[in-house]
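Student:
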Amino acid sequence: MSNAYFFQTPDPGDVEALAQSFSSLLAGGHERINHYAVSGDAVFGMASPDKFGQGVMPRYLEEFGLWGMLAGELHPCATLDRCRQAHPGADTGLALLAALARDKRLPETLPTLNGAFFLMLWDPESRTLVAANDRYGLYPMYWAHRDGRYCLASRVLGPVLAGVVTGDMDPLAVAQILTVDDFAGDRTLVKDVSVFPPGTVMTKTPDRIDWQTYWTWDYPAEPGIPVEEWGQRAGAALLEAVRRQAGSGRVIGVTLSGGLDSRCVAAAAVQSGLSPRTFTWGEDQCYDRLYAARIARVLGTEHQDCPYEYDTLAERFEDGIAVTEGMCNTFDMHFLAHLHIIAGVDVVLNGFAGDAVLGETFLRAQWSAPMSPAELAENLFRRYNRFLKESELADVMPAARDFRAEDFPLAIFKRQFEELRRLRTPDAAHRYLFDNHVRRKTAMGTVLMRQAAESAACFFDYDFNDLVRRIPTELRASHRTYRAMMRTTFPDVAGIPWQTTLLPPLAPEWRVLASKVVRRASAKVEAWTGWRGPTRRQPPALFALRLRDELRDWMDALIHAEYPIPEALLSPDFVRRVWREHLDGKDRCRLLGALVPVLGLSKLAQRVRNRQFAASPNPIRVKR
1112 MSNAYFFQTP DPGDVEALAQ SFSSLLAGGH ERINHYAVSG DAVFGMASPD KFGQGVMPRY
1172 LEEFGLWGML AGELHPCATL DRCRQAHPGA DTGLALLAAL ARDKRLPETL PTLNGAFFLM
1232 LWDPESRTLV AANDRYGLYP MYWAHRDGRY CLASRVLGPV LAGVVTGDMD PLAVAQILTV
1292 DDFAGDRTLV KDVSVFPPGT VMTKTPDRID WQTYWTWDYP AEPGIPVEEW GQRAGAALLE
1352 AVRRQAGSGR VIGVTLSGGL DSRCVAAAAV QSGLSPRTFT WGEDQCYDRL YAARIARVLG
1412 TEHQDCPYEY DTLAERFEDG IAVTEGMCNT FDMHFLAHLH IIAGVDVVLN GFAGDAVLGE
1472 TFLRAQWSAP MSPAELAENL FRRYNRFLKE SELADVMPAA RDFRAEDFPL AIFKRQFEEL
1532 RRLRTPDAAH RYLFDNHVRR KTAMGTVLMR QAAESAACFF DYDFNDLVRR IPTELRASHR
1592 TYRAMMRTTF PDVAGIPWQT TLLPPLAPEW RVLASKVVRR ASAKVEAWTG WRGPTRRQPP
1652 ALFALRLRDE LRDWMDALIH AEYPIPEALL SPDFVRRVWR EHLDGKDRCR LLGALVPVLG
1712 LSKLAQRVRN RQFAASPNPI RVKR
């Protein structure tokens, strides 16, 4: 993971001390702060393992008079080739993007490039910052601006360190966590810190900040093409995406489960002659491990299978909080304990959100019927309102008593859906969940993976998504196109059961429905008795049981530690009551998993605010 930051401060005498502190906050594991650019009142720095041969960054681009930084990479594509022909002196992706920025062509060119990246260009003469990211925001960045201070950083707590914000928790964000375990819009848990929106070019001058959205989701569907043909096209596009993102001369890994996404990525890698290593972890005899082992045997990959290490998770939980900064439920970080098994791999090809892109994850019939934005928002809110009702918020967070009507989570949902009216999007729920749940929360899995190796989200390849957006919604629903892709392109792995249904992906629908009934019944019995039934489920499901056993002491210490946030924001009695209810047999696992990052991030914010972390050994190189 390439970590980066930029900040300006009205106190130039503090810039070098702040730069040293940022080095301590960002650099870790296999990364170092490579370089600093210090310009009067501004500091620009980056930590990166430099796996892509981009050189030490940030780097001074003498031709343009700019300091620049590019996290991630641009993948080969026709637009990139044309840009290089037009700018033969631009020998790196960074230099090429700087040339496009000079020519005022970034917004028109970025939509047709391909990659996962974040760009920053700093002009010390005009004191202008230009920042841009990929279409989907796969390299999360956060920003804040107040009283002449500005910070843009890959960490939510960067603006706290820079003195832009206090580091207080945002009560509106906490309310969202307690109701839907998710975020809407660009809000974070830290008050007044926002997520850099996807598909955006930002220009900051001494006088103003301008935002330009260069790409949005729309769905210009092409009717009349049979689903089998769409399946063939999708398979060919995924093969090309895997080849493109793997690059050349790299050691390739694939995190393999019993699901559809990872097996298709692994099969595409093998078909492309990449010889990937595959990795799986989980409970003894769980279906993820059993089916992944079968997939690996069929594909002939070098496979590493690892039992789940609960003790390791407890040891590394703080690291997970530090990296995800409250954006991820504790029990969605379960593979944090196994990052060590991918050591030695340069790039991990993952199936991140593949089912959401191509399948039916967010294509539900109850969300596709004709209805107003408010009705759709209410339906979706009911589906995701897993924990507290809005009427209960004031009892557990007194600050909610001062909320305006428009501050409550449902009202925020409704505003989001009103904004979708302008898009050509027949499946607004799918668009909303992509822009919020996937980009903000599910993406944290990729962020965690990047602590050990670069992680490439193959299903978010631009060309692949451009094709998928043309497939009519009814052909993507119920995995119709996904199944067609497996039949036509990846038949070797289509006959191995899928851990979601316990049946091969091409099984008839009546068998899938019967399996669903059995699995739901078994899950209920398992939750109450601890019986390992025919589901053989993975975490996070089994964390409910483990919290009463192997992880009890760990959770108990977290819950009863010194309370890190004001009681007006979150009642300690409520937190401890939830824990007691879980110990007494009520499944409160997911709610506990949502609460603990809030508490953990608040503690971390205190340390960052006071700069209570180890000094960085990295030297600061000053350029004025």
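Heads up: the sequence shown begins at 1112 in our numbering, then just goes up one per residue. Quick reminder that beta carbons are idealized off the backbone N, C-alpha and C, glycines included.
Counting along the chain, where does the beta strand (DSSP E) carrying F1118 start and finish?
Tutor: It spans N1114 to Q1119 - the beta strand (DSSP E) in which F1118 sits, taken as one unbroken run.
Student: Specify the secondary structure class of T1299 as computed by DSSP and reduced to three states.
Tutor: Reduced to three states, the DSSP call for T1299 is coil.
Student: Run through the stretch 1544-1594 for me and flag every whole beta strand (DSSP E) of 3 or more residues, listed as ranges in chain order.
Tutor: Those beta strand (DSSP E) runs which fall completely within the stretch 1544-1594 and span 3+ residues are 1565-1568.
Student: Does the stretch 1557-1566 come within contact of the stretch 1459-1473, defined as at least 3 CB pairs closer than 8 Å?
Tutor: Touching, yes.
Student: Determine the direct distance from the alpha carbon of D1399 to that of L1624, and round the result to whole angstroms.
Tutor: Computed Cα separation, rounded: 20 Å.
Student: Quick one, are the C-beta atoms of T1435 and M1555 less than 7 Å apart?
Tutor: Cβ atoms of T1435 and M1555: closer than 7 Å.
Student: In this structure, how does DSSP classify V1459 when only helix, strand and coil are distinguished?
Tutor: Looking at V1459 - three-state DSSP - the assignment turns out to be strand.
Student: Indicate the three-state DSSP secondary structure (helix, strand or coil) for I1731 in the structure shown.
Tutor: Low confidence applies to I1731: its pLDDT is 45, below 50, so where it sits in the model is not reliable, and the reading given next is rough at best. I1731: coil per DSSP, three-state reduction.
Student: Do A1448 and T1423 have their C-beta atoms closer together than 7 Å?
Tutor: Their beta carbons are under 7 Å apart, which means A1448 touches T1423 by this criterion.
Student: Mapping the DSSP letters down to three states, classify G1269 as helix, strand or coil.
Tutor: In the structure shown, G1269 sits in a helix (DSSP, three-state: H, G or I).
Student: Pull up the distance between the alpha-carbon of L1268 and that of M1168, whole angstroms please.
Tutor: Roughly 22 Å separates the two Cα atoms.
Student: Determine the DSSP secondary structure at T1646, reduced to helix, strand or coil.
Tutor: Confidence at T1646 is low in this model, with a pLDDT of 46, below 50, so the placement of that residue should be treated as unreliable; the coordinate-derived value is given next. Coil, per DSSP.
Student: Please state the DSSP three-state secondary structure of E1184.
Tutor: Of the three classes helix, strand and coil, the one that applies to E1184 here is strand, per DSSP.
Student: Excluding sequence positions up to five away, which residues of its chain have a Cβ less than 8 Å from the Cβ of G1140?
Tutor: With a pLDDT of 48 at G1140, under the threshold of 50, the modelled position of that residue is not reliable, and the figure given next carries that caveat. Excluding positions up to five away in sequence, the list reads Q1562 and A1563.
Student: Can you find the residues in the same chain that come closer than 6 Å, C-beta to C-beta, to A1210, ignoring five residues on each side of it along the sequence?
Tutor: Within the same chain, A1210 has close Cβ partners H1198 and A1201.
Student: For the stretch 1212-1283, list the beta strand (DSSP E) runs that are entirely contained and at least 3 residues long, ordered along the chain.
Tutor: 1226-1234, 1239-1244, 1253-1257 and 1260-1264, all fully within the stretch 1212-1283.
Student: For the beta strand (DSSP E) that Q1415 lies in, which residues bound it at each end?
Tutor: Run containing Q1415: E1413 to P1418, per the beta strand (DSSP E) assignment.
Student: Can the beta-carbon of A1540 be found closer than 7 Å to that of W1609?
Tutor: No, Cβ-Cβ distance for A1540 and W1609 is not below 7 Å.
Student: Quick one: residues in its chain with C-beta nearer than 6 Å to the C-beta of M1444, no 5 flanking neighbours on either side, listed in chain order?
Tutor: If we look at M1444 and ignore the five residues flanking it on each side, its Cβ neighbours are G1431.
Student: In three-state DSSP terms, what is I1320?
Tutor: I1320 falls in the strand class under three-state DSSP.
Student: Rank R1216, V1579 and E1340 by C-alpha distance to the C-alpha of V1468 and give the top, closest one.
Tutor: The candidate whose alpha carbon is nearest that of V1468 is V1579.
Student: Provide the residue(s) that pair with T1366 in DSSP beta bridges, ordered along the chain.
Tutor: According to DSSP, T1366 bridges with F1390.
Student: My output table needs one value for S1359: the three-state DSSP class, helix, strand or coil.
Tutor: S1359 falls in the coil class under three-state DSSP.
Student: Return yes when the C-beta of A1540 is under 6 Å from any heavy atom of the ligand GTP, and no when it is not.
Tutor: This structure lacks the ligand GTP, and indeed carries no ligand of any kind.
Student: Based on Cα-Cα distance, which residue from E1673, F1492 and A1516 lies nearest to L1289?
Tutor: Out of E1673, F1492 and A1516, F1492 has the C-alpha closest to the C-alpha of L1289.
Student: Taking the continuous beta strand (DSSP E) assigned at M1157, which residues delimit it?
Tutor: Here the beta strand (DSSP E) through M1157 covers A1153 to A1158.
Student: Have a look at the DSSP bridge pairing and note the partners of T1314.
Tutor: V1241 and D1321.
Student: Figure out for me which residue from A1595, V1365, A1505 and D1281 has the closest Cα to the Cα of E1340.
Tutor: The residue with the shortest Cα to Cα distance from E1340 is A1595.
Student: With the cut-off set at 7 Å, would you say L1272 and A1284 are in Cβ contact?
Tutor: Contact: no.
Student: Nearest by alpha-carbon distance to L1613: which of V1628, L1350, T1223 and T1600 is it?
Tutor: The option with the nearest alpha carbon to L1613 is V1628.
Student: Decide if the stretch 1305-1323 is in contact with the stretch 1515-1525; the criterion is three or more beta carbon pairs, one per stretch, under 8 Å apart.
Tutor: Output reads no: the stretch 1515-1525 does not touch the stretch 1305-1323.
Student: How many angstroms separate the CA atom of V1376 from the CA atom of L1208?
Tutor: Near 30 Å, if we compare the C-alpha coordinates of L1208 and V1376.
Student: From V1549, D1234 and M1560, pick the residue whose C-alpha is nearest to that of Y1247; which is it?
Tutor: Ranking V1549, D1234 and M1560 by Cα distance to Y1247 puts V1549 first.
Student: Identify the residues that DSSP records as bridge partners of L1172: which are they?
Tutor: According to DSSP, which records beta bridges pairwise, L1172 is partnered with L1177.
Student: Less than 7 Å between the beta carbons of T1316 and T1239, yes or no?
Tutor: Contact flag set, yes.
Student: Is it right to say L1371 is buried, meaning 16 or more other beta carbons lie within 10 angstroms of its own, or is it exposed?
Tutor: Classification for L1371: buried.
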